[in-house]
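Engineer: Protein chains in written order, with this note's numbering: chain L, 526 to 917; chain E, 526 to 917; chain F, 534 to 675; chain Z, 534 to 675.
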Amino acid sequence: MDVYMDNNATTYMKKEVLDAMLPYLTQQYGNGSSKFYKIGRVAGAAVRDARDVVAKAIGAKINEIYFTGSGTEADNWAIKGAAFAKKDKGNHIITTQIEHHAVLHTCEYLEKHGYEVTYLPVDEYGMVKPDDVENAITDKTILISIMTANNEIGTIQPIAQIGKIAKSHKILFHTDAVQAIGHIRVNVEEMGVDMLSLSAHKFHGPKGVGVLYIKNGVKIDNLIHGGGQERGKRASTENVAGIVGLAKAIEIATENLDENIKKLSYFRDRLISGILEKIPYCRLNGPTENRLCNNANFSFRYVEGESILMLLDMKGVAASSGSACASGSLDPSHVLLAIGLPHEIAHGSLRLSVGDNTTDKDVDYVLEVLPPIIERLRAMSPLYEGVERREN
Amino acid sequence: MDVYMDNNATTYMKKEVLDAMLPYLTQQYGNGSSKFYKIGRVAGAAVRDARDVVAKAIGAKINEIYFTGSGTEADNWAIKGAAFAKKDKGNHIITTQIEHHAVLHTCEYLEKHGYEVTYLPVDEYGMVKPDDVENAITDKTILISIMTANNEIGTIQPIAQIGKIAKSHKILFHTDAVQAIGHIRVNVEEMGVDMLSLSAHKFHGPKGVGVLYIKNGVKIDNLIHGGGQERGKRASTENVAGIVGLAKAIEIATENLDENIKKLSYFRDRLISGILEKIPYCRLNGPTENRLCNNANFSFRYVEGESILMLLDMKGVAASSGSACASGSLDPSHVLLAIGLPHEIAHGSLRLSVGDNTTDKDVDYVLEVLPPIIERLRAMSPLYEGVERREN
Amino acid sequence: MYSEKVMDHFSNPRNVGEIENANAIGEVGNAKCGDIMKIYMNIEDNIIKDAKFKTFGCGAAIATSSMATEMVIGKTVDEALALTNKAVMEALDGLPPEKVHCSVLAEEAIHSAISDYKRRMGLSDEEKNCSGCCGRCKEENE
Amino acid sequence: MYSEKVMDHFSNPRNVGEIENANAIGEVGNAKCGDIMKIYMNIEDNIIKDAKFKTFGCGAAIATSSMATEMVIGKTVDEALALTNKAVMEALDGLPPEKVHCSVLAEEAIHSAISDYKRRMGLSDEEKNCSGCCGRCKEENE
Ligand SMILES: Cc1ncc(COP(=O)(O)O)c(C=O)c1O
Ligand SMILES: Cc1ncc(COP(=O)(O)O)c(C=O)c1O
Numbered sequence: 526m527d528v529y530m531d532n533n534a535t536t537y538m539k540k541e542v543l544d545a546m547l548p549y550l551t552q553q554y555g556n557g558s559s560k561f562y563k564i565g566r567v568a569g570a571a572v573r574d575a576r577d578v579v580a581k582a583i584g585a586k587i588n589e590i591y592f593t594g595s596g597t598e599a600d601n602w603a604i605k606g607a608a609f610a611k612k613d614k615g616n617h618i619i620t621t622q623i624e625h626h627a628v629l630h631t632c633e634y635l636e637k638h639g640y641e642v643t644y645l646p647v648d649e650y651g652m653v654k655p656d657d658v659e660n661a662i663t664d665k666t667i668l669i670s671i672m673t674a675n676n677e678i679g680t681i682q683p684i685a686q687i688g689k690i691a692k693s694h695k696i697l698f699h700t701d702a703v704q705a706i707g708h709i710r711v712n713v714e715e716m717g718v719d720m721l722s723l724s725a726h727k728f729h730g731p732k733g734v735g736v737l738y739i740k741n742g743v744k745i746d747n748l749i750h751g752g753g754q755e756r757g758k759r760a761s762t763e764n765v766a767g768i769v770g771l772a773k774a775i776e777i778a779t780e781n782l783d784e785n786i787k788k789l790s791y792f793r794d795r796l797i798s799g800i801l802e803k804i805p806y807c808r809l810n811g812p813t814e815n816r817l818c819n820n821a822n823f824s825f826r827y828v829e830g831e832s833i834l835m836l837l838d839m840k841g842v843a844a845s846s847g848s849a850c851a852s853g854s855l856d857p858s859h860v861l862l863a864i865g866l867p868h869e870i871a872h873g874s875l876r877l878s879v880g881d882n883t884t885d886k887d888v889d890y891v892l893e894v895l896p897p898i899i900e901r902l903r904a905m906s907p908l909y910e911g912v913e914r915r916e917n
Numbered sequence: 526m527d528v529y530m531d532n533n534a535t536t537y538m539k540k541e542v543l544d545a546m547l548p549y550l551t552q553q554y555g556n557g558s559s560k561f562y563k564i565g566r567v568a569g570a571a572v573r574d575a576r577d578v579v580a581k582a583i584g585a586k587i588n589e590i591y592f593t594g595s596g597t598e599a600d601n602w603a604i605k606g607a608a609f610a611k612k613d614k615g616n617h618i619i620t621t622q623i624e625h626h627a628v629l630h631t632c633e634y635l636e637k638h639g640y641e642v643t644y645l646p647v648d649e650y651g652m653v654k655p656d657d658v659e660n661a662i663t664d665k666t667i668l669i670s671i672m673t674a675n676n677e678i679g680t681i682q683p684i685a686q687i688g689k690i691a692k693s694h695k696i697l698f699h700t701d702a703v704q705a706i707g708h709i710r711v712n713v714e715e716m717g718v719d720m721l722s723l724s725a726h727k728f729h730g731p732k733g734v735g736v737l738y739i740k741n742g743v744k745i746d747n748l749i750h751g752g753g754q755e756r757g758k759r760a761s762t763e764n765v766a767g768i769v770g771l772a773k774a775i776e777i778a779t780e781n782l783d784e785n786i787k788k789l790s791y792f793r794d795r796l797i798s799g800i801l802e803k804i805p806y807c808r809l810n811g812p813t814e815n816r817l818c819n820n821a822n823f824s825f826r827y828v829e830g831e832s833i834l835m836l837l838d839m840k841g842v843a844a845s846s847g848s849a850c851a852s853g854s855l856d857p858s859h860v861l862l863a864i865g866l867p868h869e870i871a872h873g874s875l876r877l878s879v880g881d882n883t884t885d886k887d888v889d890y891v892l893e894v895l896p897p898i899i900e901r902l903r904a905m906s907p908l909y910e911g912v913e914r915r916e917n
Numbered sequence: 534m535y536s537e538k539v540m541d542h543f544s545n546p547r548n549v550g551e552i553e554n555a556n557a558i559g560e561v562g563n564a565k566c567g568d569i570m571k572i573y574m575n576i577e578d579n580i581i582k583d584a585k586f587k588t589f590g591c592g593a594a595i596a597t598s599s600m601a602t603e604m605v606i607g608k609t610v611d612e613a614l615a616l617t618n619k620a621v622m623e624a625l626d627g628l629p630p631e632k633v634h635c636s637v638l639a640e641e642a643i644h645s646a647i648s649d650y651k652r653r654m655g656l657s658d659e660e661k662n663c664s665g666c667c668g669r670c671k672e673e674n675e
Numbered sequence: 534m535y536s537e538k539v540m541d542h543f544s545n546p547r548n549v550g551e552i553e554n555a556n557a558i559g560e561v562g563n564a565k566c567g568d569i570m571k572i573y574m575n576i577e578d579n580i581i582k583d584a585k586f587k588t589f590g591c592g593a594a595i596a597t598s599s600m601a602t603e604m605v606i607g608k609t610v611d612e613a614l615a616l617t618n619k620a621v622m623e624a625l626d627g628l629p630p631e632k633v634h635c636s637v638l639a640e641e642a643i644h645s646a647i648s649d650y651k652r653r654m655g656l657s658d659e660e661k662n663c664s665g666c667c668g669r670c671k672e673e674n675e
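1) Could you pull the DSSP bridge partners for Glu577(Z) from this structure?
2) Hey, out of Leu801(E), Glu763(E), Ile745(E), Val743(E), whose CA is closest to Gly752(E)'s CA?
3) Leaving out five residues before and five after Ala624(Z) in sequence, what residues of the same chain have Cβ atoms less than 8 Å from its Cβ?
4) Check whether chain Z comes within 7 Å of Pro805(L), counting only Cβ atoms and requiring the distance to be less than that.
5) Check whether the Cβ of His625(E) lies closer than 6 Å to any heavy atom of ligand 2, and answer yes or no.
6) Specify, as a first and last residue, the run of the beta strand (DSSP E) that Ile669(L) falls within.
7) Going along the chain, which residues of the stretch 629-656 of chain E sit with their C-beta nearer than 7 Å to a C-beta in chain L?
8) Counting Cβ pairs closer than 8 Å, one from the stretch 546-560 of chain F and one from the stretch 867-883 of chain E, do we hit at least three?
9) Helix, strand or coil, according to DSSP, for Glu776(L) in the structure here?
10) Could you give the distance in angstroms between the alpha-carbon of Gln552(E) and the alpha-carbon of Leu817(L)?
11) Considering only residues of the same chain and omitting the five flanking positions on each side of Lys582(F), which have a CB-CB separation below 6 Å?
12) Does the distance from the C-beta atom of Ile619(L) to that of Ile669(L) stay below 7 Å?
13) In chain L, what lies closer than 7 Å to Gly592(Z) by C-beta?
14) In three-state terms, what does DSSP make of Lys637(L)?
15) Exposed or buried, which one is Ala613(Z) when buried takes at least 16 other CB atoms within 10 Å?
16) For Ser724(L), verify whether its CB is less than 6 Å away from any heavy atom of ligand 1.
17) Any idea what DSSP makes of Gly735(E), helix, strand or coil?
18) Taking Cβ positions, are Val860(L) and Ile709(L) nearer each other than 7 Å?
19) Does any CB atom of chain E fall closer than 7 Å to the CB of Lys671(F)?
20) With respect to the beta strand (DSSP E) encompassing Val703(E), which residues constitute its N-terminal and C-terminal limits?
21) Which residue from Leu834(E), Val542(E), Tyr549(E) puts its Cα closest to that of Ala570(E)?
22) Where do the N-terminal and C-terminal ends of the beta strand (DSSP E) with Val561(F) fall, by residue?
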């Protein structure tokens with residue numbers, strides 16, 4: 526049995542999305558900027574319609590939507606673009622310790638170029654305190670970038686509150702909402718953000734296409750210079766099919782939002798309660814409230830995450846881990862460390878993220894195969910020896 | 526009858542390319558960096574195989590190929606990445622007046638940030654003189670970026686010669702080869718380049734995916750920071766389908782290179798001789814030798830390019846123009862100005878670029894409909910009045 | 534990008550040509566900028582009896598020339614002078630932002646022809662202060 | 534990413550467990566780094582009669598523990614000391630670059646157990662200079 530439990534990493538593409546894209550992968554191959562002939566106008570109109578759909582989905586205006594080549598590019602653009610554009614005003618950026626690497630590594634790069642970055646801590650559930658944001662503001666602060674929802678432990682941040690703070694201090698506010706679409710209501714007005722990043726493949730759209738929302742009036746430097754596409758702000762021949770796919774996917778995701786949330790939360794909660802019940806020495810990482818409806822994250826003491834993933838894979842279950850080994854890096858997940866987990870516990874983490882095609886059977890299956898896997902690894906673990914002995 | 530004559534702008538996607546992509550747009554939706562489960566490994570292997578195919582196609586090693594979100598991104602990355610990485614060594618960049626905007630606007634951006642850029646002139650055929658390159662080198666020169674072939678007038682530059690000069694001065698050499706694939710032999714060793722940009726949609730691949738070749742040992746800054754994809758050099762969840770499509774397209778384009786060149790040159794030459802013969806006051810822009818096999822570019826005196834495009838469109842012919850009106854900018858094509866055309870003649874330009882699906886019928890049709898279009902516009906043109914009178 | 538009206542006036546332009554013995558000729562724009570409009574009129578009893586044009590330029594330049602000539606025929610000189618570029622644009626159901634200058638050019642061409650007429654008639658020594666160009670070439674590239 | 538041999542030793546690890554009354558026990562690595570290997574041996578007449586392991590760590594850590602114990606069983610102490618991490622890797626048909634440290638850990642675990650044995654036997658006061666860690670944690674993040 527094959528069970529896909531890594532929807533925070535990527536999602537399958539919906540048939541409706543592919544169907545919407547196919548004309549632009551076949552006959553309608555025109556360049557979206559070639560307006561002097563029909564096949565180009567058809568492509569251009571498709572991009573315009575897509576822009577309109579995206580704008581509506583997030584409560585923005587059509588001319589506030591810029592298509593990019595990924596969520597990462599959108600994050601890089603927002604942060605570097607703002608930093609470079611405002612460099613005469615200041616050099617201080619506020620973000621958090623639990624951002625995606627697309628934000629963190631961009632900020633670290635800017636640190637090498639004379640910017641100063643405050644990486645705000647989070648509480649044990651991964652929550653940022655709005656007060657901390659306000660207290661971190663200096664007269665050099667030019668940008669606040671705080672993610673809408675965390676990709677590892679699902680924490681949903683108090684973006685609207687932070688948005689008010691940013692506005693009252695007249696500081697640009699960017700949010701990485703890559704994990705949010707289809708999982709919580711995303712409305713740029715309500716959130717009070719100046720910039721917002723999206724990535725299609727996280728909500729059943731194609732890979733390699735994203736969006737940066739930039740509020741009208743906000744001026745940031747370009748990241749990708751060249752032709753006049755995207756109203757002169759993001760050059761490159763438009764990825765027409767990808768853009769159309771993104772729009773179809775966000776349309777479906779937002780149309781069915783409430784239903785989706787209900788369905789995904791149900792599976793997530795079954796996983797959480799089932800695993801906590803069946804497996805000892807296990808903790809849930811991240812909050813129980815204000816949590817992404819599709820994300821569950823656990824730490825299993827005395828075992829290491831990559832081994833769990835490998836044994837799950839042998840059973841046909843696809844999942845991910847914040848273990849250092851699994852990521853190929855040296856330290857376990859910065860998010861798990863930021864919520865205060867010791868390294869050894871962070872190494873034993875497992876993220877299960879449900880999706881649109883998750884079934885009760887999938888959940889049953891995971892609840893069936895996971896406990897013996899943990900059991901088996903613990904039986905091999907020198908750290909567990911003492912625990913067993915103490916118990917017996 | 527519909528005739529597509531704008532293959533320098535973009536190309537239709539081959540069926541074989543779509544077929545290669547489809548699995549990765551449907552069942553094989555795994556994240557290419559998720560190596561701990563099967564669906565992820567399948568995606569990862571597809572990306573690796575694609576990288577291998579691209580490397581072989583341009584004579585590079587597999588670990589010298591980096592996938593990007595477009596040709597424009599590849600150009601931006603090469604130029605900014607080199608400029609930022611070498612800023613302690615110097616601040617001078619050499620390029621030409623006829624580069625694509627992806628290169629030119631990137632260089633202009635760097636000028637605002639303290640870099641100095643020499644924009645080399647070209648001769649009346651758009652050719653750069655290698656001596657000019659050598660003479661422009663100073664002890665501050667850190668990068669030379671010269672396109673392999675021009676997208677407007679088809680001029681193929683003496684890249685291998687310039688490569689030798691760059692090497693002898695130990696200066697990084699980048700070439701924008703976006704128009705070259707499938708039209709001339711592209712081999713990074715023979716060309717002596719350190720970096721080379723590609724874009725899939727110019728050779729019957731998908732839009733929104735490109736490549737930057739970076740020679741082993743060459744260190745440039747990242748442009749898109751984030752996750753560890755592309756060996757830590759270009760973050761973003763891999764556009765697996767796009768990458769697979771790019772590879773299939775470059776494979777086909779290079780396998781059939783000689784045949785392709787023969788076929789395309791034949792149509793190009795029919796267009797050139799037919800138009801020069803049938804239409805008075807007309808010139809061919811760009812060279813007759815060392816010219817892209819698919820590109821033809823003309824100036825028709827006394828008329829303006831956008832009007833030509835619109836009338837061609839009414840006849841079902843898709844083409845492009847370097848006229849200011851057609852591009853939405855204020856000046857006519859910088860390339861046409863660089864080869865010495867006065868503004869009024871540059872305004873009356875028309876680019877016809879043939880492709881893989883061009884037929885003799887298409888060429889016949891263009892040769893049939895174009896002369897009366899030019900005739901008609903001239904009859905409306907106040908500039909032509911005098912000419913007629915002088916003639917009669 | 535263009536409205537149906539623009540496309541109609543571009544593909545079937547009204548009043549193309551010259552008027553032999555025109556008593557009002559105006560030419561504005563220049564080839565460097567990519568647009569030249571030349572308007573010929575026949576004015577009798579202060580009424581524009583006929584108007585024709587020749588235009589070197591883009592689709593919008595041709596369509597605005599066509600529309601503007603159509604709009605002034607039958608009008609008095611003063612009515613024609615009151616014709617604004619906005620009115621021409623509206624009659625064409627709008628123009629894309631980067632083409633608005635073409636309608637300005639059309640307005641200027643009408644004015645220029647009427648100035649010519651007035652000069653010829655000795656009706657006015659007031660020179661219409663027209664640069665001969667819509668000013669677009671001097672606009673800043675944003 | 535892993536060879537078939539690695540997958541085999543990971544999914545069917547040989548010699549998992551403890552040896553009661555082992556006369557050689559070595560433990561290397563630490564939980565912070567994410568790998569701990571503990572090796573138990575029974576050494577008689579200078580020959581490793583039995584070896585078992587317990588490992589907290591990734592797939593490669595488990596597979597190298599399994600392979601290393603299998604390789605030393607039946608060997609003399611000196612032969613076991615001569616076992617290099619390279620030999621373990623080769624026996625596993627290679628490891629991905631980021632997993633090479635696991636094989637180093639396995640070599641060190643064997644050495645550590647043998648040092649323990651020597652100490653117990655009073656055979657040597659020479660302490661094997663093992664950090665208790667493969668050093669990976671201190672490596673620079675490239
Ligand atoms: C929170 C967050 N931000 C940014 C990204 C980057 O998106 P992409 O990989 O599509 O560039 C991801 C996912 O990878 C993410 O989860
Ligand atoms: C020479 C050249 N360089 C760069 C590009 C940019 O490629 P893309 O639009 O795919 O980013 C193009 C085409 O648009 C081109 O012709």
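No residue lacks a Cβ here, since even glycine has one placed at the ideal position from N, Cα and C. All values derive from a computational prediction rather than experimental measurement.
Structural biologist: Put simply:
1) Ile580(Z)
2) Glu763(E)
3) Lys538, Met600, Met604
4) no
5) yes
6) 666-670
7) His630, Thr631, Tyr634
8) no
9) helix
10) 25 Å
11) Asn575
12) yes
13) Glu831, Ser832, Met835
14) helix
15) buried
16) yes
17) strand
18) no
19) With a pLDDT of only 45 at Lys671(F), under the threshold of 50, the placement of this residue in the model should not be trusted; the figure read from the coordinates follows. Judged by the 7 Å Cβ criterion, Lys671(F) is not in contact with chain E.
20) Premise fails: Val703(E) is in no beta strand (DSSP E) and is neither H nor E.
21) Tyr549(E)
22) 557-563
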